[in-house]
Amino acid sequence: MYATKILQFVALTLAVMMIAPGITTAADGIEAATNTINLQIASEHADEYSEVVNVAEESAITNPDTWDPAPQGIWIGASTQESLFAFDTVATAFNRFHVASEVRFNSSQIMNGVSCLIIRSPISSEGVDEMRLRIYAMTGEDWDIGLLANEYAPITGDVYQIAGADIDMTDTSITGGSDSWTADERTYTRVFAPIYSGISYVFAWTAIYEQDERFKMYLSGQDIANDNITETRIGQYTLPAPDTDIQERSLFGVDPGISFDMITGLGNGVWAKSFYMEAGDTLSFQVSIGIYSGSPYHVVMIPFGTEDGTLNATVTVMTTSYTPIWTDDNTAWTDYILACPSSGVASHPQSVRVNVTVNAAERVNWIFVDSPSGVLLTDMNYNRASVTIDGVSHTVYARPWSSYQLSIGEVIQPSLNPADWPPIVEEVVNQQANYYGTIIGAIAVVIGGALIATGIGAPIGFLIGGAGAVMIAADLNRGGTLINGNIPGWLSNPLDAIWDVLIDVGEFLWSVGEALYDAITWVVDAINDYLPILLGLLIIAVALGLFFIPIYAQLKLWGIAWRLAEGDLQKAAAQASDLAGEAEDTLKGAKKFKRRLW
Amino acid sequence: MDFLAIAVWIFDFLVLDLLPFVSMVLLVLGIFGVINRLPDTITNYAKRQGAGLARAFKGNKRR
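Structural data, given as structure tokens:
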């Protein structure tokens with residue numbers, strides 16, 4: 019009964035709604051009264067539909083749904099599904115298929131840019147043997163595909179290359195292997211390169227097909243990236259007969275089926291990229307250090323980020339032909355690597371390759387630097403880094419944030435370990451140049467000479483004379499001079515002269531006292547300096563004595579033995595007496611020396 | 189190496205190395221010399237003793 023009433027009410031309402039426009043038009047200007055009617059629907063009817071279903075057919079799946087894996091970042095591409103377009107051309111044994119398209123992202127899509135993105139190729143992977151991707155930044159309006167026989171996606175005109183990838187078509191793994199993979203006949207490439215909004219880029223692919231396959235690519239009916247640029251340049255190259263090549267260039271007024279997954283932002287040209295690195299994985303890049311002379315120390319500083327702020331890594335600097343120049347390592351670099359060789363580097367290659375090998379598994383954030391100006395981008399050698407993980411190289415098309423400098427001394431990270439402290443220059447006392455060494459040395463030489471003349475005192479004379487010669491030589495080395503002073507001005511006037519003389523006398527007396535003091539100080543210093551030398555000379559003299567005296571005595575003893583063996587007792591007695599006499603002489607000499615000495 | 193170390197090295201070399209070596213050489217030469225001389229000496233001694241004995245016997249006859 020209620021249902022009947024409700025149906026009646028609905029029918030009435032519909033009738034009113036059909037008539038109402040006519041009434042309102044007719045009664046234009048008359049104030050309309052608004053009635054609000056709330057329908058109370060019983061709960062048993064409210065639960066009839068428990069879920070929402072997508073009523074669209076399979077053909078209506080949107081383009082991002084065809085991605086494998088599903089996009090992780092900001093997805094850019096045609097929203098409707100792309101159409102597969104097969105060309106008439108059949109691939110000969112030698113063939114090239116080029117597809118290139120200009121794209122300019124806007125800041126609504128990627129803010130100021132991205133540093134890591136995945137690009138899906140518009141070329142269907144079916145029948146493709148090799149594929150290459152090249153990304154060019156544009157500096158002007160004009161560009162075109164270069165030589166069609168070239169397999170490296172050549173683009174000519176106002177462009178310079180910023181990144182590229184040689185795609186391994188057998189790689190189907192998304193996470194493992196190289197940065198490219200193929201799934202469902204679509205080829206994806208992860209590129210670590212700075213892409214800016216507001217700058218036009220040409221994405222160019224070259225595919226080499228297996229023989230007898232047809233060139234196939236996806237086309238989009240929409241403007242990719244909404245940049246108001248919808249054109250696709252196609253280049254086909256085949257060799258159907260000997261000496262006959264077919265080259266065909268086409269310009270399509272639609273965009274190719276490219277789509278992008280923008281993974282990582284760009285910061286302001288400086289960004290960090292995180293890599294999980296196992297022991298043995300490396301970061302490698304090239305730097306220019308220019309020409310220098312001498313043997314300066316090389317210093318490389320590379321900031322990084324890890325969970326605990328430290329990194330166990332070895333730095334090896336090599337020539338561009340991979341010959342090691344120097345190496346440095348640390349089990350715990352803190353916040354930044356500051357590597358320096360233990361000695362200066364004399365050879366000077368203009369460019370070197372820095373290789374950082376991680377020695378323990380760690381997630382490492384390396385910091386990369388780029389500039390939208392394009393200046394840094396022009397030199398591909400210096401504006402790229404290679405991160406090798408598990409033997410697979412991943413190229414980052416930007417300069418790792420680092421500083422390679424030359425230093426006059428060894429540079430080390432701040433450390434509390436005394437072994438890490440830099441060598442400190444030894445303190446050298448500036449010794450005053452004087453002539454005491456010369457005077458005392460000369461006296462010592464004279465005394466030594468006199469002792470040598472006595473004969474018996476010759477060894478001591480040699481010692482003293484030698485020591486004197488050493489003193490003179492040392493004094494000359496220090497720059498000592500024998501004559502030092504000026505002639506006072508006698509002739510100014512008598513009083514002044516007397517006054518000056520008195521002052522000079524006073525100064526002379528003062529200087530005598532000073533000289534005595536200096537002399538005593540010097541003698542103490544000299545004893546310190548020369549005592550080891552004198553001791554050494556004494557040791558040599560004693561050694562000579564201890565060597566020759568026993569030999570002499572042995573010769574004499576054997577002389578006695580021989581005389582005895584000859585039965586000549588008299589001669590033996592004479593030899594013995596001779597030996598005894600010489601021993602006595604030595605003792606007497608020693609006594610005499612002792613008497614002279616004391 | 190400073191001068192004192194050189195002096196000590198010279199001492200070690202002369203006294204501890206060269207002296208024993210030279211002494212051994214002298215010992216060999218000395219013993220050789222003694223052995224060389226002994227036979228003549230013993231022969232001379234025997235001859236002398238023999239001559240003495242002969243003289244003694246002659247003297248007895250003279251008496």
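So the protein lines, in turn, are chains A and B.
With the working numbering applied, the first sequence covers 19 to 616.
With the working numbering applied, the second sequence covers 189 to 251.
Every residue, glycine too, gets a C-beta built ideally from N, C-alpha and C.
Problem - Rounded straight-line distance, which links the Cα of TRP199/A to that of MET336/A - result: 33 angstroms
Problem - For VAL410/A and SER196/A, believed in contact at Cβ under 8 angstroms, the rounded distance - result: 6 angstroms
Exercise for the section: Just the chain A side, please: which residues come within less than 9 angstroms of GLY238/B by C-beta, in chain order? Expected result: Ordered by position in chain A, no residue passes the 9 angstroms Cβ test against GLY238/B, which lies about 15 angstroms from the chain.
Practice task
Check whether the Cβ atoms of PHE322/A and VAL382/A sit closer than 7 angstroms, and answer yes or no.
Solution key: yes
Handout entry: Cβ neighbours of ILE551/A in the same chain (closer than 8 angstroms, five flanking residues each side left out)
Key = ALA485, VAL488
Exercise for the section: Answer yes or no: does any C-beta atom of chain B fall closer than 7 angstroms to that of TRP528/A? Expected result: no
Handout entry: CB contact flag (ASN168/A, THR256/A, <7 angstroms)
Key = no
Practice task
Return no unless some Cβ of chain A is closer than 7 angstroms to the Cβ of PHE199/B.
Solution key: yes
Problem - Simplified DSSP assignment, three categories, for ALA350/A - result: strand
Handout entry: Neighbour list for ILE482/A in chain B, Cβ cutoff strictly below 7 angstroms
Key = Chain B residues near ILE482/A: none, gap ~16 angstroms exceeds 7 angstroms.
Exercise for the section: Starting from ASP202/A, follow its DSSP beta bridges and name the residues at the other end. Expected result: Note: ASP202/A sits in no beta bridge, so no partner.
Practice task
Give the straight-line distance between the Cα atoms of ASP586/A and ILE219/B, rounded to the nearest whole angstrom.
Solution key: 17 angstroms
Exercise for the section: Could you tell me whether the Cβ atoms of SER139/A and THR205/A are closer together than 7 angstroms? Expected result: yes
Practice task
Would you verify that the beta carbon of CYS544/A is, or is not, closer than 7 angstroms to some beta carbon of chain B?
Solution key: Checking the sequence shown, residue 544/A turns out to be Ala, not Cys. Answer no: the Cβ-Cβ gap between ALA544/A and chain B never drops below 7 angstroms.
Exercise for the section: Give the residues of chain B in contact with GLN572/A, contact being defined as C-beta atoms less than 9 angstroms apart. Expected result: VAL210, SER211, LEU214, LEU215, GLY218
Practice task
Could you tell me the distance, in whole angstroms, from the CA atom of ILE558/A to the CA atom of GLN593/A?
Solution key: 30 angstroms
Handout entry: Cutoff 7 angstroms: THR229/B Cβ touching any chain A Cβ
Key = yes
Problem - TYR310/A, buried or exposed, once every other Cβ within 10 Å from all chains shown has been counted against 16 - result: exposed
Exercise for the section: Using beta-carbon positions only, say whether TYR227/A and GLY275/A come within less than 7 angstroms of one another. Expected result: no
Problem - Cutoff 6 angstroms; reference GLY503/A; Cβ partners in own chain excluding five residues on either side - result: Residue confidence is low: GLY503/A scores 38 on pLDDT, short of 50, so the model does not pin down where it sits. Its coordinate-derived value is still stated next. There are no such residues.
Problem - Cβ of PHE191/B within 7 angstroms of any chain A Cβ - result: yes
Exercise for the section: Would you check if the distance between the CB atom of PRO258/A and the CB atom of THR110/A is smaller than 7 angstroms? Expected result: yes
Problem - Member of GLU532/A, ILE461/A, GLN240/A whose CA lies at the smallest distance from the CA of ILE490/A - result: ILE461/A
Problem - GLN90/A versus ILE281/A - alpha carbon distance - result: 7 angstroms
Handout entry: Identity of the residues DSSP links to TYR422/A by a beta bridge
Key = VAL318/A
Problem - Proximity below 7 angstroms, CB of GLN179/A to CB of ARG152/A - result: yes
Exercise for the section: Rounded to whole angstroms, what's the CA-CA distance from SER215/A to ASN130/A? Just pull it up for me. Expected result: 5 angstroms
Problem - Residues near GLU159/A by beta carbon distance below 8 angstroms, same chain, minus five either side - result: ASP176
Practice task
Answer with yes or no whether the minimum CB distance from LEU202/B to chain A is below 7 angstroms.
Solution key: yes
Practice task
Check whether the Cβ atoms of PHE270/A and VAL405/A sit closer than 7 angstroms, and answer yes or no.
Solution key: no
Problem - Sub-7 angstroms separation of SER420/A and ILE545/A beta-carbons - result: no
Practice task
Look up GLY486/A in the DSSP assignment and say whether it is helix, strand or coil.
Solution key: helix
Problem - chain B contact residues for PHE565/A, given Cβ-Cβ distances below 7 angstroms - result: LEU202, VAL203, LEU206, LEU207
Problem - First and last residue of the uninterrupted alpha helix (DSSP H) at TYR454/A - result: 454 to 472
Exercise for the section: Would you verify that the beta carbon of ALA583/A is, or is not, closer than 7 angstroms to some beta carbon of chain B? Expected result: yes
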